[in-house]
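First up is the structure itself, then whatever we jot down about it.
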Amino acid sequence: MLFEVRPPQRLESLSASWLGHEVSFSYNAATKTWIALAGVSLETAPGNYSLELTGETKAEKAVSQKITFMRNFVVARGKYPRIQAKLSVESKFTEPSPEQQKQIEEGQQIKKDYLNRVTPTREWAGQFIAPADAAISDVFGSERIFNGKTSSPHLGLDFRVPSGTPVEAMNDGTVLLARPLFFEGNFVVLDHGQGLLTLYLHLSEFKVKEGEQVKRGQIIALSGGTGRATGPHLHAGVRWQGTYIDPAALIRLRLP
Ligand SMILES: [Zn+2]
Numbered sequence: 136m137l138f139e140v141r142p143p144q145r146l147e148s149l150s151a152s153w154l155g156h157e158v159s160f161s162y163n164a165a166t167k168t169w170i171a172l173a174g175v176s177l178e179t180a181p182g183n184y185s186l187e188l189t190g191e192t193k194a195e196k197a198v199s200q201k202i203t204f205m206r207n208f209v210v211a212r213g214k215y216p217r218i219q220a221k222l223s224v225e226s227k228f229t230e231p232s233p234e235q236q237k238q239i240e241e242g243q244q245i246k247k248d249y250l251n252r253v254t255p256t257r258e259w260a261g262q263f264i265a266p267a268d269a270a271i272s273d274v275f276g277s278e279r280i281f282n283g284k285t286s287s288p289h290l291g292l293d294f295r296v297p298s299g300t301p302v303e304a305m306n307d308g309t310v311l312l313a314r315p316l317f318f319e320g321n322f323v324v325l326d327h328g329q330g331l332l333t334l335y336l337h338l339s340e341f342k343v344k345e346g347e348q349v350k351r352g353q354i355i356a357l358s359g360g361t362g363r364a365t366g367p368h369l370h371a372g373v374r375w376q377g378t379y380i381d382p383a384a385l386i387r388l389r390l391p
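So the number in the numbering used here is just where the residue sits in the sequence shown, counting from 1, plus 135.
Okay, here's the thing in C-alpha cells:
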C-alpha cells in the first residue's frame, strides 16, 4: 500500500513504525504530502494494526521538535486459490542429492545475505510496471501441488511467456543479483531502495550485470524455464523489508 500523509505543519523528516518495520517517508512537492510504500505479509493475522508516525518539524530559529501521530488500519482476511492440478517437476527439486543439497544451501545463504537488505535512498519513482506484457498464469498466495506434495504458498506472480521474451525492470533501481541459483534458475534482483526489491526468476539470458543501474522498462533479461519451473514462464516477485508482497498489488497502485 501507499501511505500518504499531510502533516499539520512543515516537517524536516517523517518516519513510521508499521508491523514492526521502520518506514521512511519522502516529500512529494507536487501533492505537498509525504509518501511511503509499505506492505503486509501473508503471515500477518487479520486485525487492527497501528501506524505510528514521528515527524521532525522544521527548525527555523528554535530547536526542531518531534511530533507524533497514530492511526489504526484494519488488515482483512485475504482469499487465495488452491491449485488442485498436479504439477510435475524434475525429482531433483523434491528429492535432491547431497551435491544438489549443497547447491540449495548455497542459494539459501545468498538469499539470506542479499534479500533482506534495506538501502535507505529511494530509487523508484512513479508507477511500477508489469515486467512482461502477457497473461497471468498464477497469482500470488496460491497453494500448489508439486509431485503430490503441497508446496509453500506461491510468493510471486507468473506471466505466461515463451522462452526468450524480453523482461523489463519494474522501476528504476540497481542490480543486486544477476546469477544462477538452484530453484530460481537464472535470477535477477533489483534494489529500488527503502527495502523494496523486485525479483525475476527462471530466466534464459541476463542482459544486466550486478551493480548496474537500470531504468524502468529497460530490458534486464530474457525469460526461460531454468531452475524449478514446470515450463518456460516468468515468475516475478516483490520483497519489502524482508517479506514477500503481492506484485499485482504494487503494479495496481497509483504512485505519484
Ligand atoms: Zn511463480
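The beta-carbon is built from N, C-alpha and C at its ideal position, and this holds for glycine as well.
CB contact flag (residue i, residue j, <8 Å)
| i | j | result |
| --- | --- | --- |
| Val302 | Leu357 | yes |
| Leu369 | Trp259 | no |
| Gly360 | Ser298 | yes |
| Ala304 | His337 | no |
| Leu149 | Trp375 | no |
| Gly362 | Gly320 | yes |
| Thr179 | Arg141 | no |
| Ile239 | Pro231 | yes |
| Arg295 | Ser286 | no |
| Gly242 | Phe317 | yes |
| Gly328 | Thr254 | yes |
| Ala383 | Leu292 | yes |
| Gly346 | Val324 | no |
| Gly352 | Ile271 | no |
| Arg145 | Lys193 | yes |
| Leu93 | Leu137 | The structure shown has nothing for residue 93, since the chain only spans 136 to 391. |
Contact test: residue i Cβ vs ligand 1 heavy atom, cutoff 7 Å
| i | result |
| --- | --- |
| Asp381 | no |
| Asp268 | no |
| Gly291 | yes |
| His370 | yes |
| Asp248 | no |
| Asp326 | no |
| Asp307 | no |
Entirely enclosed beta strand (DSSP E) segments - the stretch 269-357, minimum 3 residues:
Those beta strand (DSSP E) runs which fall completely within the stretch 269-357 and span 3+ residues are 271-273, 278-281, 292-294, 301-303, 308-316, 320-326, 331-338 and 354-357.
Just to confirm the assignment: which complete beta strand (DSSP E) runs, minimum length 3, are found wholly within the stretch 185-231?
The stretch 185-231 contains, as complete beta strand (DSSP E) runs of 3+ residues, the segments 201-210 and 217-222 (chain order).
Taking three-plus beta-carbon pairs below 8 Å as touching, is the stretch 171-189 in contact with the stretch 206-214?
At 8 Å Cβ cutoff, the stretches touch.
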